[in-house]
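These notes concern the structure reproduced below.
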Amino acid sequence: MGLKVYNTLHGRKEKFVPLNEGKVKMYVCGPTVYDTSHIGHARSVVVFDTIFRWLENLHYEVRYVRNFTDVDDKIIKKSNETGVDCKTITEKYIDEFHDEMDALNVLRPSVEPKATEHIRHIIDFIQMLIDKGKAYHVKGGDVYFSLDSFKDYGKLSGRNPDDMRAGARIAVDEKKKNPLDFTLWKPAKPGEPSWESPWGKGRPGWHIECSAMSYEYLGESFDIHGGGKDLIFPHHENEIAQSEAVFGRQFVKYWIHNGFVDINNEKMSKSLGNFTMIKEVLENYSPEVIRMFLLSKHYRSPIDYSEDSMKEISMGLDRIYAFIERLENAGAKIDGSKKGELWGDFSHAMNDDFNSAKALASVFEAVKKGNRLLDDANGLKDGDTQQILNLFYNDIKAVSNILGVFLLDPQFYFKAKKDKGMADKAIDPAEIQDLIRQRADARKNKDFSRADEIRDHLQNLNIVLEDGPEGTTWRFE
RNA sequence: GGCGGCUUGGCCAAGGGGUAAGGCAACGGCCUGCAAAGCCGUUAUUCUCCGGUUCAAAUCCGGAAGCCGCCUCCA
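Plus 11 on top of the position in the first sequence (first one is 1) and you've got the numbering used here.
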């Protein structure tokens, strides 16, 4: 089965056939760097990172562009409020974004262009629009895109410009020919970042940077353009207008949009004060838990962030790691390129519009099957069993490289979890070892009430004891 | 007002014409001194409701209700 992708442009799943065989060109809208990133940004980035990984796994040569919007009203506003210059602000948040995305195990795209470094290309692009009669320059220095010059306007978002005009909520700007015309270039006020242009000192509008930069790095036409659902209108609609008006051909073949992250079933918003930042979440959960959470639901559906859902994911991740550790203890080895049932199920799910939720379910099924096999083998392994275990191990490692989760050494994972628990609760591991020793003695002497007393005491500290053939181990709940 | 989406067991969540994946939780069993972990089993005759198409619908069509998003900066 080949890859199928839900294309916003047509509102249905379609067979994925890139414009050039074997190659994929993908552009994803990155953040405007004026503030700390929240969990919603993380979702978009993680989703497209996983898509990127899957495309590479399918042996496509992928050129992946994700931009930074580093000139914008919000950045200027922040600069005016704080007295810090724009560049300092944007650099700070770009660094922060990179740090957080690295933590979430997000691969760097092929290129991460910044708007401010492509002003030349933006100006050239606007000039092409003007030359073709698709844009116009007005007194005062603004340049607008002329909606009336582009008859396909609205095809991505399913909007009809005539309807929109009737119910337009936007203030009518006298200088615009059509109230829906949008800004390509705007004159700069004193003190604002600005660049020389044929229309005077100014700066680019928001939408034009993506048309200019995608043209620069991917050409007139490319395969995939992604971003959050909210970007469908007006941002992506406007990009289509700009690029198709200039080149007269299809801008993007497949439009992919991810859903939002809600917080306790409410939209994240400033007024509700429930913006949940990536760094806050990272304080409480391992990056892998966050990443797995973000992939636990289909990328187009809304996903609800809550303490409960994070705990649930965390339990599931422990279970997977425990299984990997068990496989390793049983001597499972990566052996060659053979793929098993897990990989088959996983691939099938990923090929179906990157269904990571279903893909994850196949992992849990494999965990169950593998555990059963290990229980049945009971330490005595024949050649066949060993082969199967190797297959599980192979597959799960391959899967983890796509999802970007559970790829740590399990011992390290559990140790890190322990260390964090101990640090949070200020617990000395030697003390725990001592209590475990005392309990072992008590058990040897059949003093079970003493043994249980110790266990209950540790339980109160969220420490769970596990008695195994090799002695007693402990972990945090 | 315009456009789009969602409604599946206690909770989360796949599926999307052929008779309900997976996770968490709960309960029973194996194991254990007792537990924990792991395994096994049980938990939706049914997929918001009402009509229709079909041999067959949670899946398609029409309608209703509830919820949500975009249309203004937003991932």
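Backbone N, C-alpha and C define an ideal beta-carbon position, used for all residues, glycine too.
Among the options, the one whose alpha carbon lies nearest that of residue i
i: K431; options: L469, A368, I413 and E294; result: E294
i: I134; options: G213, Q444 and L305; result: G213
i: H268; options: L20, G13, T127 and D463; result: L20
i: A252; options: L191, E277 and V76; result: L191
i: V56; options: Y228, P245, K103 and E111; result: E111
i: M303; options: G342, I331 and K188; result: I331
i: D356; options: P209, A377, S348 and V117; result: A377
i: D163; options: Y155, K150 and K145; result: K145
i: G169; options: L418, L353 and G22; result: G22
i: A333; options: R74, Q422, E255 and I243; result: Q422
i: A427; options: R454, R486, A372 and K408; result: R486
i: R119; options: E255, G41, C97 and S317; result: G41
i: K436; options: F459, N473 and S282; result: N473
Sequence-distant residues of its chain with Cβ nearer than 8 Å to residue i (five each side left out)
i: E481; result: none
i: R260; result: E231 and S232
i: A179; result: For A179, the predicted structure reports a pLDDT of 49, less than 50, and the residue's modelled location is therefore unreliable. A value from the coordinates is still provided. So the list reads P190 and L191, once near-sequence residues are dropped.
i: H70; result: G33
i: G51; result: G239, F271, V272 and M279
i: P313; result: G270, F271, V272 and D273
i: P124; result: V76, N78, F79, M224, E227 and Y228
i: A177; result: The predicted model places A177 with a pLDDT of 48, which falls under 50 and marks its position as unreliable; any figure quoted below should be read in that light. Here the set comprises nothing.
Beta-bridge partners of residue i, as assigned by DSSP
i: M112; result: In the DSSP output, where bridge partners are listed per residue, M112 has none listed.
i: N269; result: G239
i: V3; result: Residue 3 lies beyond the residue range present for the chain, which begins at 12 and ends at 488; the question has no answer from this structure.
i: F258; result: None; F258 has no bridge partner.
i: F156; result: A146
i: H49; result: M288
i: V263; result: F233
i: P215; result: W196
i: T43; result: T80
Residue burial classification, residue i (beta-carbon count within 10 angstroms, cutoff 16)
i: A370; result: buried
i: N276; result: exposed
i: V16; result: buried
i: H129; result: buried
i: I413; result: buried
i: L14; result: buried
i: M175; result: buried
i: D234; result: buried
i: E250; result: buried
i: H109; result: exposed
i: D153; result: buried
i: T61; result: buried
i: V475; result: exposed
i: M326; result: exposed
i: S99; result: Per the sequence presented here, residue 99 reads as Thr, with Ser not at that position. Under this definition T99 is an exposed residue.
i: F459; result: exposed
i: P440; result: exposed
Inter-residue spacing [alpha-carbon to alpha-carbon] between residue i and residue j
i: Q449; j: A462; result: 8 Å
i: L338; j: H247; result: 47 Å
i: Y38; j: D363; result: 21 Å
i: G284; j: I274; result: 11 Å
i: V58; j: D387; result: 38 Å
i: D83; j: E107; result: 18 Å
i: D159; j: R131; result: 26 Å
i: L400; j: G381; result: 7 Å
i: Y404; j: V300; result: 21 Å
i: T484; j: D395; result: 31 Å
i: F63; j: H468; result: 48 Å
i: Q470; j: L328; result: 21 Å
i: L384; j: A341; result: 11 Å
i: E489; j: H359; result: Since the first and last residues shown for the chain are 12 and 488, residue 489 lies out of range.
i: L419; j: F286; result: 30 Å
i: M433; j: F425; result: 12 Å
i: S90; j: K429; result: 42 Å
i: S208; j: V416; result: 47 Å
i: S307; j: V410; result: 14 Å
Close-in-space but distant-in-sequence residues of the same chain around residue i (CB under 7 Å, 5 per side omitted)
i: A199; result: S205, K212, G213 and R214
i: N18; result: E25, Y265 and W266
i: A223; result: H129, H132, I133 and F136
i: S148; result: It should be noted that the sequence gives His, not Ser, for residue 148. Counting only Cβ-Cβ distances below 7 Å, and skipping sequence neighbours, we find I141, V154 and W210.
i: H218; result: F193, H246, N249, E250 and Q253
i: D346; result: N401 and N405
Residues near residue i by beta carbon distance below 6 Å, same chain, minus five either side
i: V44; result: F79, D81, T101, Y104 and I105
i: N171; result: G165
i: R311; result: G270
i: Y87; result: Per the sequence shown, residue 87 should be read as Ile rather than Tyr. Closer than 6 Å at the Cβ level, and outside the excluded window around I87, lie E203.
beta-carbon residue i near the ligand NAD non-hydrogen atom, thresh 7 Å
i: G13; result: Among the ligands in the structure shown, none appear at all, so the ligand NAD cannot be discussed.
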